[in-house]
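Colleague: Everything in the first sequence is counted per UniProt numbering, starting at 1 for the first residue and increasing by one. For every residue, glycine included, the Cβ atom is placed at its ideal position computed from N, Cα and C. Owing to the predicted nature of the structure, the values given are computational and were not obtained by experimental measurement. One structure coming up, written as structure tokens, with questions to follow.
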Amino acid sequence: MTSTAQGELKQNPKTPVASRFSMRRQKIAEHRKSLPIASVEKRLIEEVQKNDILIIVGETGSGKTTQLPQFLFNAGFCRGGKMVGISQPSCIAAVTVAKRVAEECDVQLGQRVGYSIMFDDTTCSSTSLKYMTDALLLREALVDPLLSRYSVIIVDEAHERTVHTDVLLALLKKVQLDRSIGNKGLEVEAKTNDEIGGVLRGCQISPLKLIIMSASLDARVFSEYYGGAKALHVQGRQFTVDILYTVHPVTDYAALVITIFQMRLNLLKDLSKRKILPLAIFSALPSDQLMRVFAPAPIGFRKVVLATNIAETSITIPGIRYVVDPGRVKARTYDPSKGMETLDAVPTSKAQVLQRSGHAGREGPGKCFRLYRQREFEKLEDSTKPEIKRCNLSNVILQLKALGYDDIFGFDFIDKPSRSAIVKALAELHLLGALTDDCKLEKPAGDQMARLPLDPVYSRALILANQSNCLEEMLITVAMLSVESIFYDPPREKREEARTSRNHFASVEGDHLTYLGVYRESNEFLEAENSEEAEVDQTLRKWCKDNFVNSRSLKHARDIYRKIRGNVEQMGFNVSSCGNDMLEYRRCLAASFFLIAAQRQMDGTYRALESGEIVHIHPTSVLFRSKPECVFFNELMQTSKKYIKNLTRIDPVWSAHHHYNTEE
DNA sequence: TCAAATGGC
């Protein structure tokens, strides 16, 4: 794929436009034909026709994501206004693949080929191939439980086993069953009720076809889950990667640096004259520094990129020839008994290890240096523990309840979460008012919370704020709480300047009022500048740069704000503002979050009231130094210590009436 | 007196 793209850049600019187009079309056609999957098109279509469920194992570079949907379209699976839906774990993937496929089909994006993600829907009534995030497809089921417009649904990258993928796999199993056995009864109803025609059209077609695509080592897990479904293997296209192991186990990161220098001295003699340009990449990195990672190394330099697991699946850095794999990954786990998340470095799985070394063979033959012995590799787990077994389940269970699945313990998960994790989530949802005493969805609160794309605690805060007079402020607050790292660490020479700026924003009350202030001030700046629609992003970036705010995070928060504002307006909420009456807003905050409070102890540490854990204020909080007597917080996570994040002090006067109720 | 994984609705 890369070589054709580069070839096009070298075209003579004087070539007539029409001819350049036809050359481009020819290149695309040649590229498509060269993909490993192209030779098995006929066979694949036959198998889809024969089997209602198909597992496709395709290695990197097989072309399965872009080609199979086109094969299905050409084979007539989109006749009669039906769609082929392709779910992806991330929106970047959904968008880039949809763009590529639209180009290959020579159609305008948003017509025959489109994508749909949380903030952007490019599909129209004539869309046949729809790429989307798996989380969004789940939400579609809330509106259309039979997913009636789809003739085929492809779940891509299923091996990643995100929570959304796992729930989707279970849901689709049920939808497929409902659509095959429910046909008859519903057709009778169709004659008597035109209003539900949308759902019924879906029932008159042949059963829903399901295709699960995975890059994992074996397809057994998926095949068994779908009652022995047929699995096919499609060849990949990768350059060879030499794997090198260490003779002795490596125990610290200093060894990583040594390895890099050894590579430079011994193994890369031809390149040894180049100096090393060290760069780091992680998700919170401000965009200008991100550009440096993607830019080619200056002459005389070799880039050494230190990456988090963002480089495993989310981002591909061009030009990689050597990968050093320390064999560990920072992984989040959730302890339901303490209501606390832990982040620590754990051994990778074999699947992750292969993913990492694979990056060395994208553009040519490469090498991968594994900082452990081969026998240690053999001992690794085949695949990473599915996320659903390591996370807070409250959101998942709320979604399932809203989809009509009441028996969570008996739910057909591909990997069942622990009983205690389910109990904890049910209890939390009950406490938040989303579930009734017998664990049914509370109407309307539970329904409303399920429809909001937020943590249930934040959805609850919006419902409370609607009963007060500060919904506008709470919308801003939960949008800001939903994104990571609004502030970032500036380079050394700017540190003093940044501190002044930070002090300007800091509220003595805590992080919530600080975030509200940041959002409001940036908004005032935008309004004062009166930018054209197209310039808003640029104006915002300028403001962020001057104020040491992470512009990507703030933009993300603005997008969430817009989205959830639309959601609550649809629910009939009236978005009113308390203006400068911060007391009302603070009361509402306390009412929303007082359940997660902590109290200062004699030694300056804090005791979390719910779990009894001894915790510390995270250094990024504006209250890190002032240490108020009592605080509430939104996050509790163990890293080097047990830290609480995003906190606001609780006024001692309020604790006298913590029975405070917004309905009073 | 100090943190910092990553996706998604």
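#1: For V247, does the count of other Cβ atoms within 10 angstroms reach 16, so buried, or fall short, so exposed?
#2: Please go through the region 87 to 142 and give each complete beta strand (DSSP E) segment of 3 or more residues, from N-terminal end onward.
#3: Give the C-beta separation of V155 and T165 to the nearest angstrom, bearing in mind that I take them to be a contact with Cβ-Cβ under 8 Å.
#4: Going along the chain, which unbroken runs of the alpha helix (DSSP H) with 4 or more residues stay wholly within the region 450 to 478?
#5: Please look up how many angstroms separate the CB atoms of P453 and I564, rounded, as I've assumed it's under 8 Å.
#6: Compute the Euclidean distance between the alpha carbons of R321 and R32, then round it to the nearest angstrom.
#7: Are the beta-carbon atoms belonging to H512 and T477 less than 7 Å from one another?
#8: Could you tell me the distance, in whole angstroms, from the CA atom of I644 to the CA atom of L583?
#9: In three-state DSSP terms, what is I650?
#10: Count the other C-beta atoms from every protein chain shown that fall within 10 angstroms of the C-beta of T639, then say buried if there are 16 or more, exposed otherwise.
#11: CB I486 to CB N550, shorter than 7 Å?
#12: Is S349 helix, strand or coil by DSSP?
#13: Taking DSSP's pairing of strands, which residues face R600 in a bridge?
#14: Only counting runs of 4 or more residues, tell me where the alpha helix (DSSP H) segments fall wholly within the region 390 to 447, in order along the chain.
#15: Mapping the DSSP letters down to three states, classify residue 666 as helix, strand or coil.
#16: The alpha helix (DSSP H) that contains I291, what's its start and end?
#17: Residues bridged to E635 by DSSP?
#18: Verify whether the separation of the beta carbon atoms of A219 and V107 is less than 7 Å.
#19: Does V188 pass the burial test, meaning 16 or more other C-beta atoms within 10 Å, or should it be called exposed?
#20: Can you find at least 3 beta carbon pairs, one from the region 135 to 146 and one from the region 399 to 406, that sit closer than 8 Å?
#21: Nearest to V167 by alpha carbon, out of L137, L435 and V152?
#22: Over the uninterrupted alpha helix (DSSP H) stretch that includes C588, give me the two end residues.
#23: From T605 to A479, what distance separates their C-alpha atoms?
#24: Comparing alpha-carbon positions, which option in V152, F525 and G612 lies nearest Q69?
#25: Please state whether DSSP places V247 in a helix, a strand or coil.
#26: Quick one: is Q374 buried, meaning 16 or more other Cβ sit within 10 Å of its Cβ, or exposed?
#27: Just reading off the alpha helix (DSSP H) that M23 is part of, what are its end residues?
#28: Apart from the five residues just before and just after S531, which ones in its own chain have a Cβ nearer than 7 Å to its Cβ?
#29: Using the three-state DSSP reduction, which class does P491 fall into: helix, strand or coil?
#30: To the nearest angstrom, report how far apart M132 and Q599 are at their CA atoms.
#31: Where does E224 fall in DSSP's three states?
#32: Could you check what DSSP says for D178 in three-state terms: helix, strand or coil?
#33: Assign E157 to buried or exposed, taking buried as 16 or more other Cβ atoms, counted over all protein chains shown, within 10 Å of its Cβ.
Modeller: Per the coordinate set shown:
#1: exposed
#2: 113 to 117 and 129 to 133
#3: 6 Å
#4: 456 to 467
#5: 7 Å
#6: 25 Å
#7: yes
#8: 24 Å
#9: coil
#10: exposed
#11: yes
#12: coil
#13: Y606
#14: 394 to 402 and 419 to 431
#15: This structure does not reach residue 666, given that the chain is present from 1 up to 664, and the question cannot be answered.
#16: Checking the displayed sequence, the identity of residue 291 turns out to be Met instead of Ile. Where M291 is concerned, the enclosing alpha helix (DSSP H) stretches over S287 to F294.
#17: K645
#18: no
#19: Caution is warranted here: a pLDDT of 40 is assigned to V188, below 50, making its placement in the model unreliable, and the coordinate value is therefore given only provisionally. With fewer than 16 Cβ atoms within 10 Å of its Cβ, V188 is classed as exposed.
#20: yes
#21: L137
#22: M582 to F593
#23: 29 Å
#24: The sequence shown places Pro at residue 69, rather than the Gln named in the question. Closest option to P69, Cα to Cα, is V152.
#25: coil
#26: exposed
#27: V17 to S34
#28: T539
#29: coil
#30: 44 Å
#31: helix
#32: helix
#33: buried
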